[in-house]
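Student: The sequence shown begins at 688 in this note's numbering and counts up one residue at a time. Cβ coordinates follow ideal geometry from the N, Cα and C atoms, glycine included. Note that this is a predicted model, so its numbers are computed, not measured.
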Amino acid sequence: MTTGCENDLKTIMELDKKNAGVEKASGITIIYSQKAKVTAKLIADSMERHLEAPTFLEFTHGLHVDIYDDSLGTVESTVDAKHGKYMDGTADIFLWDNVVVKNKKGERLDTKQLNWDAKKQKFISNAKVRISTPTDTIRGTGLEANQDFSIYKILNPEGPFTVKDSALIQ
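(1) Tell me the rounded alpha-carbon separation between VAL762 and ASN833.
(2) If I measure Cβ to Cβ from PRO741 and keep anything under 8 angstroms in the same chain, skipping five residues before and after, which residues do I get?
(3) DSSP state of GLY846, grouped into three classes?
(4) Return the first residue and the last residue of the beta strand (DSSP E) that THR765 is part of.
(5) Is the beta carbon of PHE743 closer than 8 angstroms to that of MET734?
(6) I want to check one thing, is the minimum distance from the CB of LYS791 to the heavy atoms of the ligand FAD below 7 angstroms?
(7) Can you grab the Cα-Cα spacing for the pair ASN785 / ASN813, in whole Å?
(8) What distance in whole Å lies between the Cβ atoms of THR716 and ILE754, which are believed to be in contact at a cut-off of 8 angstroms?
(9) Using beta-carbon positions only, say whether TYR839 and GLU845 come within less than 8 angstroms of one another.
(10) What three-state label does DSSP hand ASP804 in the structure shown?
(11) How long is the line joining the alpha carbons of GLU794 and VAL816, rounded to whole angstroms?
(12) Taking C-alpha atoms, which residue in ASP756, LYS792 and ILE811 lies nearest to TRP783?
(13) Quick one: using the 10 Å Cβ neighbour count with 16 as the cut-off for buried, is SER720 buried or exposed?
(14) Just how far apart, CA to CA, sit ASP757 and LYS722?
(15) In the DSSP assignment, find the unbroken beta strand (DSSP E) run with ALA727 in it and report its ends.
(16) Quick test of your reading: ASN802 and ASP779, contact by CB under 8 angstroms. State the CB separation rounded to the nearest angstrom.
(17) Between which two residues does the beta strand (DSSP E) harbouring ASP753 extend?
In structure tokens:
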């Protein structure tokens, strides 16, 4: 008794074509610059570059980003996420799954999804967010923040929070 296996040549060619459209790398460090200044450094365990248009980089095993000030000497904020996608044509970065942003003031953003527009140097999210400061925790849905996370706005705040200075209310 014998058994055999017959493969469809067209199926094999399609599989090879899909695999040929992806480059894989591990132990990744990427330096981002804008106007001849280094603005960020990304570190990831692994990366896949998808070569079919629109081309993008995908980080499926986590990533860490240090965002620098103008002198490259000080880390202004850090970003961690379990997954990320960098779009080559637009420089937009989409982060999801346990996204954490920390700034040098000790404030921390936790969310499930965050978009980073590197050209505008801005974070945007439509998801639920939690911001922890040394003295308070603020929750809500939706966020806009600058790249170093020193200025942020929760679009739809929820729950109790403390206003520290009545002069800010107008």
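Tutor: In brief:
(1) 14 angstroms
(2) MET774, ASP775 and GLY776
(3) coil
(4) 762-768
(5) no
(6) Of the ligands one can find in the structure shown there are none, so the ligand FAD has no counterpart to examine.
(7) 15 angstroms
(8) No, ILE754 and THR716 are not in contact; Cβ-Cβ is about 15 angstroms, not under 8 angstroms.
(9) no
(10) strand
(11) 13 angstroms
(12) ILE811
(13) exposed
(14) 11 angstroms
(15) 724-737
(16) 7 angstroms
(17) 750-755
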